[in-house]
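Here the structure is laid out as structure tokens; the discussion comes afterwards.
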Amino acid sequence: MKISRVFTAILSVVVVSTAGIILGSGGASAAPQPTVVLVHGAFADATSWDGVAADLRSRGYEVVTPDNPLRGPSYDSAVIEKTVADIDGPVVLVGHSYGGAVITNVHDPKVQSMVYIAAFAPVEGEPVQITIDPIRFPGSQLLPPALGLKIVDDAHAIGGKNVDGYVTDEYFHSVFAQDVSDETAATMLAHQKSAALWANLELGGLPSWANTPTWYLVAGNDRVIPATAQRFMANRMGATTSELPTSHASLVSQPGAVADVIVAAAHS
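According to mature numbering (1 follows the signal peptide of the UniProt record, and there is no 0), the stretch in the sequence shown is residues -30 to -1, 1 to 238, in order.
Here's what the structure looks like:
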């Protein structure tokens, strides 16, 4: 009988202690790590994020790199919204270049923070073309002959045709990505996607950054969106801002540093 009572007492202690551990660990469990959605800009495709995505995945993040149609902020943001809607848990939404105008028009409560990499961040009613106004923000070299135009098939345009812009072959390296190797620039050029001219002229909608924590990484030697324009937009939206002395393609030339900014936003 005495042995039975002792066994019962020990068993009670073990059960209570185990329950305490389980309840305690549940109460102290960390919030789920966000999924990072990387949205590419004009004159690029999702492969432009390869280095950043690999870095983030090595740190344990789930990463999604959707295709950005480059047809205009309202159309493109609807595509990205569908991507975000299919993700369970919190999201860090990242845009490069024109991709910034796209994520600015994405509205989903799962987006916990937003990151702009040398990106447009328009206010409501503002086309992105205004933010590279050569009077206020001189220095962009994305002008003819570096900027080419062509007629493309576009099922979403009136008459099934559209006018797209692209960076011409002979200027792509020097204007878009002057700080990468010749080999890397050639690969980027092979993956270039043209963008509808309308994408630069369409008026922006209500900006999601107005009520979402934001980070901005300025490309100090940018020859597409002048650094002065980037600093203006970052300051206007109250973003946590840092700067690298890179080309417009900082996500390719400095993927680790870009990933660091995204991780900082993920930990906010």
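Ideal Cβ placement from N, Cα and C applies to all residues, glycine included.
This structure is a prediction, so every number in the text was calculated from the model and none was measured.
Residues sharing a beta bridge with residue i, DSSP
i, result
"D134", "K120 and A166"
"Y186", "Y86 and T211"
"V194", "The partner list for V194 (beta bridge, DSSP) is empty, contrary to what the question assumes."
"T5", "V61"
"V233", "Looking at the DSSP assignment, V233 forms no beta bridge with any residue, so it has no partner."
Cβ neighbours of residue i in the same chain (closer than 7 Å, five flanking residues each side left out)
i, result
"V33", "V6, L8, A23, L26 and R27"
"S47", "V72, N75 and V76"
Candidates the options, of which the one nearest residue i by Cα
i, options, result
"D124", "A16, A48, G42 and G95", "G42"
"I87", "M158, L173, A166 and S18", "S18"
"A197", "R106, R29, L113 and S83", "R106"
"K131", "T138, P225, P97 and L167", "L167"
"G59", "Q82, P39 and G70", "Q82"
"A189", "Q162, V222, A180 and A169", "V222"
"A160", "N170, P215, F142 and D46", "F142"
"P2", "K80, V122 and D37", "K80"
"A156", "D139, S110, L112 and V85", "D139"
"Q99", "Q200, T211 and S212", "Q200"
"M207", "P39, V76 and M84", "M84"
Neighbour-count burial assignment, residue i, 16 or more Cβ in a 10 Å radius
i, result
"E172", "buried"
"S220", "buried"
"I232", "buried"
"H10", "buried"
"M158", "buried"
"P92", "buried"
"Q224", "buried"
Own chain, CB closer than 6 Å to residue i, minus 5 neighbours either side, in chain order
i, result
"H218", "A88, F146, A189, D192 and V194"
"D15", "H161 and K163"
Close Cβ partners of residue i (< 8 Å) along its chain, the five nearest in sequence each way excluded
i, result
"I(-10)", "Low confidence applies here, because I(-10) scores a pLDDT of 34, under 50, leaving its location unreliable; read the following figure in that light. Contacts found: none."
TODO: Just list the alpha helix (DSSP H) runs in the segment 54 to 86, keeping only unbroken ones of 4 residues or longer that don't cross its boundaries, in chain order.
DONE: 68 to 74
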